[in-house]
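Chains as they are written, first to last, in our numbering: chain P, 8 to 119; chain D, 72 to 185.
Comments concern the structure below.
Shown next as structure tokens:
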């Protein structure tokens with residue numbers, strides 16, 4: 008069946024890094040997006056990838072392997088304020104209305 | 072500044088009552104979406120719209136109706152609210168013509184059905 012899978016939680020240390028994994032199985036593929044959601048707030052768009060490889064956006068990077076149905080969001084030089092949930096969302100090829108299928112979200116906790 | 076505004080922010084409703092959640096966007100996006108977010112499920116699509124006058128069923132439409140009277144406004148209607156519809160509801164808008172279009176979300180409506 009179709010789905011987007013992410014781990015529930017991830018803990019890391021301030022100043023280090025965190026890698027949030029996402030695997031997907033959808034009817035075709037037309038791009039993958041990452042969103043950040045702070046507790047009690049709306050999701051905010053971070054990044055969109057559609058080609059294989061690593062996309063470096065400074066504080067965070069995103070990786071995609073379409074053949075493996077796999078992506079990750081890499082957060083570097085972590086700060087306490089990076090503590091949030093990170094949502095992976097996939098747009099299937101046959102997605103009428105440009106609909107996104109979201110994963111459950113990974114709650115990242117950055118500790119001192 | 073372009074935005075998506077939801078109202079109300081919080082709502083308590085009684086079982087069997089009618090609830091209307093409102094959403095307004097100033098992004099001039101054709102597409103609008105209603106999601107609910109629950110612990111353990113993430114964001115699930117209820118209804119969406121391609122433009123004024125259009126409403127389409129999402130993945131979990133049962134118990135919900137939607138209305139898109141204009142480009143800017145998209146409402147979610149619970150005709151007979153049930154406790155299982157207690158959730159946080161998010162409205163979003165997106166550009167229909169760009170595959171890489173991100174969604175702009177509203178701040179959410181926290182609904183409690185008692």
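Beta carbons are placed, not taken as given, at the ideal position from N, Cα and C, and that holds for glycine.
Exposed or buried, residue 43 (chain P), counting other C-beta atoms within 10 Å across all chains shown (16 or more means buried)? Buried.
With burial defined as no fewer than 16 other Cβ atoms inside 10 Å of the residue's Cβ, what is the status of residue 81 (chain D): buried or exposed? exposed
Let me know the secondary structure DSSP gives residue 82 (chain D) once reduced to three states. strand
Straight-line gap, residue 98 (chain D) to residue 20 (chain P) (C-alpha atoms, nearest Å): 38 Å
Hey, residue 142 (chain D) and residue 163 (chain D): beta-carbon distance below 8 Å or not? no
Closer than 8 Å, CB to CB, is residue 119 (chain D) near chain P or not? Closer than 8 Å to some Cβ of chain P, the Cβ of residue 119 (chain D) qualifies, so yes.
Residues of its chain near residue 117 (chain D), where Cβ-Cβ distance is below 7 Å and the 5 sequence neighbours each way are ignored: 105, 106, 107, 129, 131, 132, 135 and 147
Over the uninterrupted beta strand (DSSP E) stretch that includes residue 87 (chain P), give me the two end residues. Per DSSP, residue 87 (chain P) belongs to no beta strand (DSSP E) and is neither H nor E.
So what's residue 108 (chain D) in DSSP terms, helix, strand or just coil? strand
For residue 79 (chain P), report the span of its beta strand (DSSP E) as first-last. DSSP places residue 79 (chain P) in the uninterrupted beta strand (DSSP E) bounded by 77 to 82.
When you compare the CB of residue 113 (chain D) with every CB in chain P, is at least one pair closer than 8 Å? yes
Can you pull the chain D neighbours of residue 31 (chain P), defined as C-beta to C-beta under 8 Å? Ordered by position in chain D, no residue passes the 8 Å Cβ test against residue 31 (chain P), which lies about 13 Å from the chain.
For residue 88 (chain D), which residues from the same chain have a beta carbon less than 7 Å from its beta carbon, with the 5 sequence-adjacent residues on both sides left out? 152
Under DSSP, the beta strand (DSSP E) around residue 163 (chain D) begins and ends at which residues? Note, residue 163 (chain D): beta strand (DSSP E), 158 to 165.
Spatial neighbours of residue 175 (chain D) within its chain, please: C-beta separation below 8 Å, excluding the five flanking residues on both sides. 73, 74, 75, 96, 98, 100, 163, 164 and 165
Chain P beta carbons: is any one of them nearer than 8 Å to that of residue 141 (chain D)? Judged by the 8 Å Cβ criterion, residue 141 (chain D) is not in contact with chain P.
Find out if the Cβ-Cβ distance for the pair residue 31 (chain P), residue 97 (chain P) is shorter than 8 Å. yes
Nearest chain P C-beta to residue 138 (chain D) closer than 8 Å, yes or no? no
Look at the Cβ atom of residue 56 (chain P), then the Cβ atom of residue 72 (chain P), and state whether they are nearer than 8 Å. Pairing residue 56 (chain P) with residue 72 (chain P) gives a Cβ-Cβ distance that is not under 8 Å.
Answer with buried or exposed for residue 156 (chain D), where buried requires no fewer than 16 other C-beta atoms within 10 angstroms of its C-beta. buried
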